[in-house]
Each structure stands twice: as C-alpha cells, then as structure tokens.
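Accompanying notes for the structure given below.
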Amino acid sequence: MEAVALKINEIFYSIQGESLLAGKPTVFVRTASCNLKCRWCDTQQTPWQGKRMEIDEILTEVKNYQTDYVCITGGEPLAQKGSVVLIDKLLASGYVVSLETNGSFSIKDVPRASIKVIDLKCPDSGESESIAWENFSLVAKQDQFKFVVASKGDFDWALKICEDYKLNEKCTVLFSPVYGQVKPADLAAWILSSHAKATLQLQLHKEIWGPDEKGV
Ligand code: SF4
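Residues in the sequence shown are numbered consecutively from 289, following this note's numbering.
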C-alpha cells in the first residue's frame with residue numbers, strides 16, 4: 289500500500305546552501321529522525337521533533353512558496369517510505385526536486401528524474417560502515433556524491449574511493465569541509481595538489497547567516 293504520510297520536522301523557504309543548486313531559492317522539506325549518528329552532526333535535536341503530515345498536506349504547503357525548487361532533506365528522508373511518494377508527486381507537479389540522503393539507503397526506488405545528493409560518510413564521522421555501495425551503480429548524471437571532510441585523513445580516504453570507483457565518471461563529486469574543523473583554504477589546497485576530479489563546496493547558508501541559525 290502506498291505511504292500517504294511522513295513525519296516532518298520542518299518546512300521552510302531559504303537559499304539552497306549545498307550541492308550544484310547552491311544559491312537557488314528553495315523550499316526545504318526536512319523529514320524527522322535519522323538512522324545515523326555522525327560525530328559532527330549539526331541537526332541533531334534531542335529528541336528529533338516531528339509531526340505527521342499527509343503527503344497532500346505537504347504539497348499544499350510547498351505550493352505556498354513561489355519557487356520551482358524543492359529539496360527533501362533530513363534527518364534521513366529515505367528512512368521513511370513516504371519520501372519516494374512525495375518526490376514522485378512533486379516531480380509530477382513540475383518541480384525540480386533534489387534529495388539529500390546520508391548514503392546508507394539504496395536509491396533504487398527513488399525517481400530517476402530527481403537529483404540525488406548522496407553523502408559518502410568519511411571515517412571521522414564514525415559512520416563510514418553505513419555506506420550503501422550499490423548506489424555507485426545506480427546514480428544518474430545529474431546526481432552528486434558528497435564527501436564531508438573533517439581531516440586530511442578523511443580527504444585521503446575520500447580521494448581513494450573516488451579513484452577506486454571512478455566516481456567522477458558517474459556524476460559530480462563534491463568535497464565539503466566540516467564547518468570549524470577544516471579550513472576551506474586547506475581543503476582547496478588538498479584538492480589542487482592532488483588534482484582531485486572534485487568540486488569544492490562550502491555551506492553557503494552558514495556563510496550568509498552564520499553557523500548556528502536554524503531553519504535556513
Ligand atoms: S546523516 Fe546527517 S542528520 Fe544523520 S546524523 Fe549524520 S549529519 Fe546528522
């Protein structure tokens with residue numbers, strides 16, 4: 289039976305801070321709860337707040353904002369079956385839909401026309417064992433793999449994964465520093481000196497509003 293509801297943490301309108309869509313005015317649908325516990329997580333609220341919303345109710349709220357871009361984020365959206373249904377319905381309504389996932393779930397059921405931004409958890413996160421490796425063969429050209437790097441050790445690990453699996457031939461690879469732990473200039477220097485086929489990404493929303501602002 290098709291899932292008709294989701295547990296939602298918040299729906300808000302802001303500037304997309306991450307991915308190749310960074311800078312776009314976007315409606316964010318943040319699902320509640322996550323199956324991982326990254327050491328540096330900035331969205332851990334204890335307990336994860338959330339209210340049950342019918343998918344049609346979510347669509348109605350999204351339509352209140354005048355933008356073509358919707359981002360489904362978390363927490364971990366794919367921990368709830370309804371996320372796939374929601375993405376389907378948003379695509380059918382004409383939205384450009386991106387999904388931010390922590391990379392621990394298969395994307396096999398996620399509509400191919402959506403843009404999947406898939407975290408590949410580096411060792412310093414404490415969650416690198418969680419990676420769903422099958423996603424390496426399921427991505428489409430518009431999708432993006434993202435490594436959030438907390439140290440030079442993380443960077444070297446990410447670089448090896450990129451090279452071993454030729455990730456840049458599958459889709460864009462993003463390298464992003466953990467805010468306050470790796471200086472953007474250091475990550476830029478590592479990318480340049482290693483000739484990594486990757487795109488440096490900074491969290492734009494933190495540059496605009498600061499690291500502690502919620503709902504942006
Ligand atoms: S996957 Fe994301 S939401 Fe979940 S613990 Fe890690 S950083 Fe936090």
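All residues carry an ideal CB built from backbone N, CA and C; glycine is no exception.
For Q354 and S321, the gap between their C-alpha atoms comes out near 28 Å. Counting along the chain, the unbroken beta strand (DSSP E) around P465 starts and ends at 460-465.
The continuous alpha helix (DSSP H) containing V372 extends over residues 370-380. When rounded, the separation of the alpha-carbon atoms in V470 and M341 is 38 Å.
With a cutoff of 7 Å on beta-carbon distance, I496 and L488 are scored as not near each other. The criterion of a C-beta distance shorter than 7 Å is satisfied by V372 and V398. Rounded to whole angstroms, the separation of the alpha carbons of I403 and D431 is 5 Å. For the pair V405 and L378, the CB atoms are not nearer than the 7 Å cut-off. When DSSP states are grouped into helix, strand and coil, Y301 belongs to the strand group. In this structure, the CA atom of C410 is about 15 Å from the CA atom of L455. In this chain, the beta strand (DSSP E) harbouring S386 covers 384-389. In terms of CA proximity to S413, W328 leads the group A486, W328, K494, G338.
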